[in-house]
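Have a look at the structure below before the remarks.
In our numbering, the protein residues as written are 166 to 359.
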């Protein structure tokens, strides 16, 4: 934790996510791809990264005051990489959004329930596995047909393979942040620092 504090001290929040957290995720994924890490080692490394992120968020969220809007953050891919969605959730919370983090879901039933009861207009999901493209596309098209006012953010290395209307895609954290700024979903003038 001390090393993370030193690395993040005085940095803008967005830079901590892109330069430290996402870099750790990339190193973990590359380690598995290059067979330098076994799946169990990668899982422990990802869990450690999530824990460090949790500790930083505890410090940060206590200072938040306004609530901008609400967003559902859900994993429809089953057991997959949780870090990309955690980065999305934490960035939204830091920028004043109320997040409903649903974690791993088997289908869209809980999402439909929350959208209906809480009138939520935003949903974020990940797309990190190529074999999930068809499944995720079908779910998102179903949600968009039921909720025409819904805007969907899809984050992950295969997100760009989805192109229907009202779906905003990002392959990495830097692109995600840029799109949030461009769409004015987060305020560019906010200069939050760790």
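Here a beta-carbon is modelled for each residue, glycine too, at the ideal position from N, C-alpha and C.
- In this structure residue 333 is in contact with residue 348, their Cβ atoms being roughly 7 Å apart against a cut-off of 8 Å.
- Pairwise C-beta distances place the segment 248 to 266 out of contact with the segment 297 to 315, as fewer than three of them are shorter than 8 Å.
- Contact between residue 325 and residue 289 does not hold, since their C-beta atoms are separated by about 15 Å, which reaches or exceeds 8 Å.
- Straight-line spacing of the CA atoms in residue 339 and residue 181 works out to 11 Å.
- Within the model, the alpha-carbon separation for residue 342 versus residue 203 is close to 31 Å.
- A Cβ-Cβ contact shorter than 7 Å links residue 308 with residue 273.
- With a cutoff of 7 Å on beta-carbon distance, residue 238 and residue 262 are scored as not near each other.
- Between the beta-carbon of residue 193 and that of residue 210 there is about 5 Å, and that keeps the pair under the 8 Å contact cut.
- DSSP, reduced to helix, strand and coil, places residue 261 outside both helices and strands of the structure shown, so it counts as coil.
- Setting aside the 5 residues that flank it on each side, residue 251 is surrounded in the same chain by 215, 218, each with a C-beta closer than 7 Å to its C-beta; the list follows chain order.
- By a beta-carbon distance limit of 8 Å, residue 337 contacts residue 187. Their separation comes to about 6 Å.
- Within the DSSP secondary-structure output, residue 317 pairs in a beta bridge with 288, 332.
- Inter-residue distance for residue 191 and residue 213 is about 14 Å (C-alpha atoms, whole angstroms).
- Residue pairing by DSSP puts residue 268 in a beta bridge opposite 239.
- In the DSSP annotation of this structure, the continuous segment of the alpha helix (DSSP H) that includes residue 305 starts and ends at 298 to 311.
- Non-local beta-carbon contacts of residue 248 in its own chain, meaning distances under 7 Å to residues more than five positions away in sequence, involve 190, 211, 214, 215 in chain order.
- DSSP places residue 255 within a helical segment (H, G or I) once states are collapsed to three.
- In this structure, residue 269 sits near residue 240, with a CB-CB distance shorter than 7 Å.
- The Cβ-Cβ distance between residue 295 and residue 265 does not fall below 7 Å.
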